[in-house]
Structure formats: C-alpha cells, structure tokens
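Enquirer: Structure incoming, see below.
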C-alpha cells in the first residue's frame, strides 16, 4: 500500500457526515426491526411483569448492524468514501504491523533493511492518520521515532523511504 495525500477538510467533513448517517441509520433500523419483530412474534405485556421481548430487540439491533455493514460494503468504492476507505485500510495495515512490532523493532536493531522500511512506513502512516484525526497528543513521540529511524538510516548510509514499503515485507517477521 502506498501513502496518498488526503485533503483533511474533505476527509473530516465526509467522515463526520458518514458517522452521523451511520449512527442515525443504526438507531432507526434497530428500532424498526425490533418493533417489527415484537409486533410479529412478541409477547404481550402483562402489567407489572417484564415482556420477555429482549431477544427480539437484540435481533433487531443485529439485523440493523448487518444491513448497515452491507450498505457500507457496497458504497466503499464510491468517490465520497475515497478518503474514508483509504484511512480505514491504512489503519488496518497499521494494526497488522503493530501486532509484529516487537519482531520488526528487533530486526531493525540489527539494521535489517526490510525492518527499517517497514518502520518508516509505520511511523509515517501513523503521523498522517494522527494529523487527519487531530490526535496531536502522541504526535511528538511519532516524530521522535521517525527522527531516530532517519538517523539510523543516515548512519548506515542508506536512503530509505516509506514509499519502498510493500505488504509482502510483513511475511518476513
């Protein structure tokens, strides 16, 4: 996966609109499915006793989540979702790298070029996502890690970049 430039204002506005639509969709669909299932299969309430319709409400929520997931899956390639989907894929890849981070750091300590490239990509992509999501609290630690990696590469006489990263490199760790 290659890093792409993302317009932060477009990303934030599309993401905010998507989140509002998703939450509203889940609420409306959950209530609709739950009410429909209770109307079809529910137990009538006896004053002072629970109805026993919890499982129908839960099934309504599950159906709403499945329907919203199917809709998002169909829409993910539309132009509106370009930035959102890119960041989502980037976060998934960061998670894959994070799960192997201790092995990658160990290999980077022994000056393994693939490990250095992977770490450059990881921290560069973290920096991009943190800036897009306005997560400035941990940005200084990411910048520190990037500077240390650049110093290590310079000391070794290597000119590496995050653009050299390929997902296949993760198989080596």
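Residue numbers (the working numbering): 566 to 738. We put the beta carbon where it would ideally sit given N, CA and C, even for glycine.
Compute the beta-carbon to beta-carbon distance between residue 695 and residue 678, rounded to the nearest angstrom, for a pair I have assumed lies under 8 Å.
Expert: As a position in the chain shown, residue 695 is number 130, starting the count at 1. As a position in the chain shown, residue 678 is number 113, starting the count at 1. Contact doesn't hold; Cβ gap of about 26 Å is too wide.
Enquirer: Is the beta carbon of residue 681 closer than 8 Å to that of residue 674?
Expert: Locating residue 674 in the chain shown gives position 109, where the first residue counts as 1. Locating residue 681 in the chain shown gives position 116, where the first residue counts as 1. The answer is no: Cβ separation not under 8 Å.
Enquirer: Pick helix, strand or coil for residue 617, following the three-state DSSP scheme.
Expert: Within the chain shown, numbered from 1, the residue matching residue 617 stands at position 52. Residue 617: coil per DSSP, three-state reduction.
Enquirer: To the nearest angstrom, report how far apart residue 645 and residue 621 are at their CA atoms.
Expert: Residue numbering aside, residue 645 sits at position 80 when the chain shown is read from its first letter. Residue numbering aside, residue 621 sits at position 56 when the chain shown is read from its first letter. Spanning the two alpha carbons is a distance of roughly 34 Å.
Enquirer: Compare the Cα-Cα distances from residue 662 to each of 737, 698, 571, 580 and report the closest residue.
Expert: Position 97 of the chain shown, counted from the first residue, corresponds to residue 662. Among 737, 698, 571, 580, the Cα nearest to that of residue 662 is on 737.
Enquirer: Look up residue 608 in the DSSP assignment and say whether it is helix, strand or coil.
Expert: Within the chain shown, numbered from 1, the residue matching residue 608 stands at position 43. In the three-state scheme derived from DSSP, where H, G and I count as helix and E and B as strand, residue 608 is classed as coil.
Enquirer: What are the complete alpha helix (DSSP H) segments, minimum 4 residues, inside the segment 624–705?
Expert: 647–664, 666–674, 678–697
Enquirer: Skipping 5 residues on each side, what residues in its chain have a beta carbon closer than 8 Å to that of residue 569?
Expert: Residue numbering aside, residue 569 sits at position 4 when the chain shown is read from its first letter. Contacts found: 651.
Enquirer: Look up residue 566 in the DSSP assignment and say whether it is helix, strand or coil.
Expert: In the chain shown, the residue the question calls residue 566 occupies position 1. It is coil, neither helix nor strand.
Enquirer: According to the neighbour-count rule (16 or more other Cβ atoms, all chains shown, within 10 Å of its Cβ), is residue 683 buried or exposed?
Expert: Translated into positions along the chain shown, residue 683 becomes position 118. Residue 683 comes out buried.
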